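Taking it in order: structure first as structure tokens, then the write-up.
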Amino acid sequence: MYQNKALRYGMFGLLYFIQGTILSYFTALNALYFLSRGLSMTDVGIFGVIALIPFVIKVFLGMLSDRINLFGAGHRKPYILIGLMVQVVCLAAAPLVDPGQYYWGFVALAFTLQMGMALYDTCTDGLALDTTPAEEEGAIQAFMVAGRALGVVITASVLGLIADAVSWSAVFWLLAVVTLVPAPFVLGIKEGARPVERTFEWSAFRVFKQLEVVFLALLGFVFFFIIAGANQLVNPFLQETFGISLTQAGLYTTFWGIGVVLGGVFGGSVYNAIGMRNASFSAIVVGVLGITALAVTPNPMLAFGLVFLFGLAYGTQQSVYYALSMHYTDARIAASMFSILMAITNVAQGAGMGVSGLLVDNFGFRWTFGFLAVFNLLALPLLPRIFSVRKA
Numbered sequence: 000m001y002q003n004k005a006l007r008y009g010m011f012g013l014l015y016f017i018q019g020t021i022l023s024y025f026t027a028l029n030a031l032y033f034l035s036r037g038l039s040m041t042d043v044g045i046f047g048v049i050a051l052i053p054f055v056i057k058v059f060l061g062m063l064s065d066r067i068n069l070f071g072a073g074h075r076k077p078y079i080l081i082g083l084m085v086q087v088v089c090l091a092a093a094p095l096v097d098p099g100q101y102y103w104g105f106v107a108l109a110f111t112l113q114m115g116m117a118l119y120d121t122c123t124d125g126l127a128l129d130t131t132p133a134e135e136e137g138a139i140q141a142f143m144v145a146g147r148a149l150g151v152v153i154t155a156s157v158l159g160l161i162a163d164a165v166s167w168s169a170v171f172w173l174l175a176v177v178t179l180v181p182a183p184f185v186l187g188i189k190e191g192a193r194p195v196e197r198t199f200e201w202s203a204f205r206v207f208k209q210l211e212v213v214f215l216a217l218l219g220f221v222f223f224f225i226i227a228g229a230n231q232l233v234n235p236f237l238q239e240t241f242g243i244s245l246t247q248a249g250l251y252t253t254f255w256g257i258g259v260v261l262g263g264v265f266g267g268s269v270y271n272a273i274g275m276r277n278a279s280f281s282a283i284v285v286g287v288l289g290i291t292a293l294a295v296t297p298n299p300m301l302a303f304g305l306v307f308l309f310g311l312a313y314g315t316q317q318s319v320y321y322a323l324s325m326h327y328t329d330a331r332i333a334a335s336m337f338s339i340l341m342a343i344t345n346v347a348q349g350a351g352m353g354v355s356g357l358l359v360d361n362f363g364f365r366w367t368f369g370f371l372a373v374f375n376l377l378a379l380p381l382l383p384r385i386f387s388v389r390k391a
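In structure tokens, the structure reads:
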């Protein structure tokens with residue numbers, strides 16, 4: 000592994016950056032792409048649920064990398080490279096499958112793409128857990144969340160412009176090229192031998208019997224159900240309410256991404272400065288405010304600021320929860336345990352996207368945002384349970 004901290008953090012940031020480029024498509028344009036092909040928000044929600052399944056089952060990918068040094072090249076590096084290549088191939092093939100005509104074919108392609116992303120995501124997390132000391136947990140998660148958000152910020156406006164001025168095919172092909180950017184950095188990794196205390200042990204999974212870990216998982220479910228459910232609605236809401244174009248959708252997503260970058264930095268900084276318990280409470284408060292702001296958006300100009308506020312909430316909740324998960328993860332099953340905690344958040348995201356899509360079709364956007372804002376409050380009684388044993 001790189002000894003230089005800046006280079007190491009930079010590699011992690013790039014791997015999360017390319018996740019951000021894909022996220023920028025799914026956040027800013029996928030719902031609009033589907034709607035332009037005659038599909039409904041319910042179709043968008045169903046797609047979101049299925050496409051996230053790889054992130055639910057990625058625990059098995061984590062176990063694989065924890066246990067097997069692939070080709071003698073390491074427990075993380077070769078898996079990351081394979082995942083990147085799968086993503087490239089699927090993006091290159093995406094323009095060949097029109098979701099309006101071949102809905103389930105497009106779903107299958109997206110599922111495969113997400114399997115590749117889940118593989119390199121899980122092993123990137125495992126590499127971070129293998130190489131990050133406890134005092135840097137908040138900092139590394141702030142850097143990774145911010146890196147992913149920068150991917151959104153930098154590509155969102157570009158993708159919207161390309162979709163408007165060129166074609167949807169050009170959007171997918173650009174994303175395929177960008178996916179290759181971190182590959183040289185990953186190739187330069189030299190994984191050292193794993194110390195004895197990090198040797199995989201099945202008995203380590205008993206940690207999931209601990210109540211603090213159970214309630215931590217529940218906190219992740221609440222956080223990610225809300226932010227994913229609200230996030231997929233932002234641009235469709237603005238399009239229906241204010242008639243925004245694809246280019247404008249990209250601009251709104253850019254403001255959202257800037258908020259996520261600052262939220263990731265804020266969450267990581269707060270985590271280190273005021274402790275885990277207070278940082279978690281702050282994340283809940285910011286979440287309530289950010290989603291409530293969306294529910295009362297009065298006009299398209301003010302929406303820029305409110306979308307930014309929601310992005311701030313999104314980044315804060317993510318960075319705080321990821322840092323908490325690193326803190327509670329057992330080093331013997333680092334990628335496995337972290338991926339289980341992340342899989343729970345991905346179940347939550349799928350549920351949140353499915354439920355929010357159905358709610359919008361039946362009750363409208365504003366009432367759905369209101370429901371999701373109130374749902375944040377369910378996280379409050381979880382905090383005493385999580386922090387009842389450890390000082391935080």
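For the sequence shown, counting from 1, position 191 maps to 190 in numbering that gives the first Met the number 0; every step adds exactly one.
Even for Gly, the Cβ is constructed at its ideal location relative to N, Cα and C.
Just so it is clear, the structure is predicted and the values come from calculations on it, not from any experiment.
From V88 to W172, what distance separates their C-alpha atoms?
10 Å
For T328, the three-state DSSP class (helix, strand or coil)
coil
Buried versus exposed, by CB contacts within 10 Å (16 or more), D129
buried
Taking the CB atoms as reference points, tell me whether L305 and T296 lie closer together than 8 Å.
yes
Whole-angstrom distance between E136 and A391, CA atom to CA atom:
At A391 the pLDDT is 48, less than 50, meaning the model places this residue with poor confidence; the figure from the coordinates comes in the next sentence. Cα to Cα, A391 sits roughly 14 Å from E136.
Sequence-distant residues of the same chain with beta carbon closer than 6 Å to I339, five excluded per side:
V58
Rounded to whole angstroms, what is the Cα-Cα separation between G150 and I226?
18 Å
CA nearest to the CA of G458, picked from D65, P94, G146
The chain is shown from 0 up to 391; residue 458 falls before or after that span and cannot be answered.
So, with DSSP's three-state summary, where would you put K390?
Residue placement at K390 cannot be trusted, given a pLDDT of 45 that sits under 50; the coordinates are not used to answer.
For G363, is the classification buried or exposed, using 16 other Cβ atoms within 10 angstroms of its Cβ as the cut-off for buried?
exposed
Using only the alpha-carbon positions, how far apart do P383 and A330 sit?
25 Å
Tell me the DSSP secondary structure of L232 in three-state form.
coil
Rounded to the nearest angstrom, how far is the Cβ of A127 from that of L108, given a contact under 8 Å?
With a Cβ gap of about 29 Å, A127 and L108 do not count as contacting.
Which term fits W103, buried or exposed, when burial requires 16 or more other beta carbons within 10 angstroms of its beta carbon?
exposed
When the Cα atoms are used, what is the spatial distance from V152 to D42?
26 Å
Apply the 10 Å Cβ neighbour rule to S244 and answer buried if 16 or more other Cβ atoms are within range, or exposed otherwise.
exposed
Taking just the CA atoms, how far does R66 sit from V206?
18 Å
Do you know how far the Cα of N234 is from the Cα of G266?
25 Å
So, under 8 Å CB-CB, L60 and A117 are touching, yes? Tell me the CB distance rounded to an integer number of Å.
6 Å
Three-way DSSP call (helix, strand, coil) for S23 in this model
helix
Count the CB pairs spanning the segment 344–357 and the segment 76–88 that are closer than 8 Å, and state whether there are at least three.
no
Using C-beta distances below 7 Å, list every residue in its chain close to E190, excluding the 5 sequence neighbours before and after it, in chain order.
M0, G73, H74, R75, K76
Is it right to say S202 is buried, meaning 16 or more other beta carbons lie within 10 angstroms of its own, or is it exposed?
exposed
In whole angstroms, what separates the C-alpha of P299 from that of L293?
11 Å
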